[in-house]
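Asks:
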Amino acid sequence: MTDIHLQPESRAVEGFRQAMDSVNKLRPDFVITGGDLIMDALGQSYGRADSLYQLYQQESKHLQMPVYNTMGNHEIYGIYTESNADPNHPEYGEQMFEKRLGKSYYAFEHKGWKFMVLNSIEDTHKSGYIGLLDAPQLEWIKTELATTDTSQPLVIATHIPFVSAYMQKFEGSTLASDSSLVVANSKQVLDLFAHHNLKLVLQGHLHILESIYIDGITFITGGAVCARWWAGPYLGTEEGFLKLTVKGDNFDWKYVDYGWEVNE
């Protein structure tokens, strides 16, 4: 369930509840959220950011299974100048997410598969962010893989995509994505997995449904629960989420349109 962009406006709470009802009926073992859980904390006052986090934490309790959260760029508090946030605030930047929802990168195992939830957001300290995994996280990945059997199936969850054809499809065939749309050092990250069984990379951020298979890895950009920020479909993608089914060393997936319609 990626790109929820929860807010009290635009019937977003009602839509999120409908999405969660759809998930609960499927009875999955767990849910991974793909980031951008709240509408925005980047350029908001502390009061607004705090209220959105509280709203997400309260509403997500409706999910009847474990939830593993991925941090998105819109979970970062106060780094845009219009926020007027104090960089010394105890919840500035990524700290708001980590204090309320847990670590921004971590791993867990389920039925023989390892899932690695990564933090793909880097504060530029210039009122902005890029897609990047920093040096400490790269070292953590190396350490994690050192104790992982090379045959164990692996899944990565990242908010900002590692691989996407978004720009080529929607902007121009010779245009490359910049580091606000894809992770700048994704090749460096993927190279760490060269001798491991990386099967799947789950991605968000772009609000489109996209599947790319290359070099033995499937990259899925998983649409958006909110589609066009609760204003209808976005570039042909309806409001929805991915259903992932794993069996043995293989997986299958489906995009679930949970039936939300915007009242015009």
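Residue 831 in this note's numbering sits at position 89 of the sequence shown, with consecutive numbering throughout.
Note that beta-carbon positions come from the ideal geometry of N, C-alpha and C, so glycine has one too.
1) CB W855 to CB V809, shorter than 8 Å?
2) Reducing DSSP to helix, strand and coil, say where A966 ends up.
3) In terms of DSSP beta bridges, what is E895 paired with?
4) Of all the options T823, W971 and V925, which has the alpha carbon lying nearest to the alpha carbon of R753?
5) I think N861 touches Q879, with their Cβ atoms under 8 Å apart; what is that distance to the nearest whole Å?
6) Between Y819 and A791, is the Cβ-Cβ spacing less than 8 Å?
7) Is the separation between the beta-carbon of M807 and that of F772 shorter than 8 Å?
8) Just list the residues that DSSP pairs Y976 with in beta bridges.
9) Go ahead and pull the three-state DSSP assignment for N992.
10) Return helix, strand or coil for I818, following the three-state DSSP convention.
11) Leaving aside the five residues before and after A761 along the sequence, list all residues of the same chain whose C-beta is less than 6 Å from its C-beta, in chain order.
12) Which residues in the same chain have their Cβ closer than 7 Å to the Cβ of Y795, if we skip the five residues on either side of it in sequence?
13) Going along the chain, which unbroken runs of the beta strand (DSSP E) with 3 or more residues stay wholly within the segment 835-883?
14) Identify the continuous beta strand (DSSP E) that holds S928 and give its terminal residues.
15) Mapping the DSSP letters down to three states, classify Y788 as helix, strand or coil.
16) Smallest Cα separation from Q930: which of F912, V905 and S915?
17) Beta strand (DSSP E) containing N811: first to last residue?
18) Can you give the Cα-Cα distance for T900 and N1005, rounded to whole angstroms?
19) In angstroms, rounded to a whole number, what distance separates the CA positions of T960 and S953?
Replies: Judging by the given coordinates:
1) no
2) A966 falls in the strand class under three-state DSSP.
3) According to the sequence provided, residue 895 is Pro. The question's Glu does not apply to it. According to DSSP, which records beta bridges pairwise, P895 is partnered with N939.
4) Between R753 and the set T823, W971 and V925, the nearest pair of CA atoms involves W971.
5) 6 Å
6) yes
7) yes
8) T979
9) Under the three-state reduction of DSSP, N992 is assigned to strand.
10) coil
11) V967 and Y1000
12) Result list for Y795: I780, M838 and R842, in chain order.
13) 848-852, 855-859, 863-865 and 871-873
14) No beta strand (DSSP E) contains S928, which is instead part of the alpha helix (DSSP H) from S928 to D933.
15) helix
16) V905
17) V809 to N811
18) Spanning the alpha carbons of T900 and N1005 requires a straight line of approximately 32 Å.
19) 7 Å
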